[in-house]
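Letter 78 of the sequence shown, counting from 1, is numbered 84 in our numbering, and no numbers are missing.
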Amino acid sequence: MNVLFVCLGNSCRSPMAEGILKQLFIEHQLEGKIESAGFESVQTDGSPNEKAVKVSAIHGIDIRAKRARKFNQSDFDAFDRIFVMDQKNLNDIMQVTRNDNDKMKVDYLLNLIEPGENIQVSDPYNGGVVSYEHTFQTIEPACIALVNKIKNTK
């Protein structure tokens, strides 16, 4: 399964989700393309936020090589599922959908653990390391749920 995570700047939430899911795919011997993207460039050099890197590293996940990229319409063709972090991400992505098939690929990440609740992953960008840890702890169970869902449909 090919999965794309989308947040505002592709520097905090979506790179952490990408790193978590890549690690889980390795651990569970699953195949697929996992990437992340954003709608705005936040970091000037495209690297993940240093606090996102630090918190991910604490959990054994290295996201230092990630470089931010912008979401584009071709992502609808390249990915089976596209997970957004919040309402703004959903609004932005829905404005560029081409058809119902594109729309069906998009969902809130946390709907994987709370279906239909549309719970948002808050942006830790201006927060401290504790905020980033909270974000990691929020994202990880959803990624685990996705892996379990994939394994159960095999």
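C-beta: ideal position from N, C-alpha, C; glycine also. Every value quoted in this text rests on a predicted model; they were computed, and no experiment measured them.
Let me confirm a value: P121 is counted as buried when at least 16 other C-beta atoms fall within 10 Å, else exposed. Which label applies?
exposed
Among N55, K60, L36, the one whose alpha carbon lies nearest that of N158
L36
Counting beta carbon pairs with one atom in the region 98 to 116 and one in the region 76 to 83, are three or more of them shorter than 8 Å?
yes
Between which residues of its own chain and H34 is the CB-CB distance below 6 Å, once the five residues before and five after are set aside?
V153
Report yes if the CB atom of D98 is closer than 8 Å to the CB atom of I88, and no otherwise.
no
Buried or exposed for D129, please, with buried defined as at least 16 other CB atoms from any protein chain shown within 10 angstroms of its CB.
buried
Does R19 pass the burial test, meaning 16 or more other C-beta atoms within 10 Å, or should it be called exposed?
buried
Starting from the Cα of T144, find the closest Cα among K39, M22, I64 and give me that residue.
M22
The beta strand (DSSP E) that contains A63, what's its start and end?
It is not in any beta strand (DSSP E) - A63 instead sits in the alpha helix (DSSP H) that spans 56 to 64.
Determine the direct distance from the alpha carbon of S42 to that of A58, and round the result to whole angstroms.
14 Å
Helix, strand or coil: how does DSSP classify K72 here?
coil
Which partner residues does F89 have in the DSSP bridge list?
F11, D113
Please state if the CB of L14 and the CB of K94 are separated by a distance shorter than 8 Å.
yes
What are the boundary residues of the alpha helix (DSSP H) that I26 is part of?
19 to 33
Under 8 Å, Cβ to Cβ, is there at least one residue of chain D near I156?
Structure shown: chain D not included; a single protein chain is present.
Expressed to the nearest angstrom, what Euclidean distance is found between the alpha-carbon atoms of E139 and N55?
13 Å
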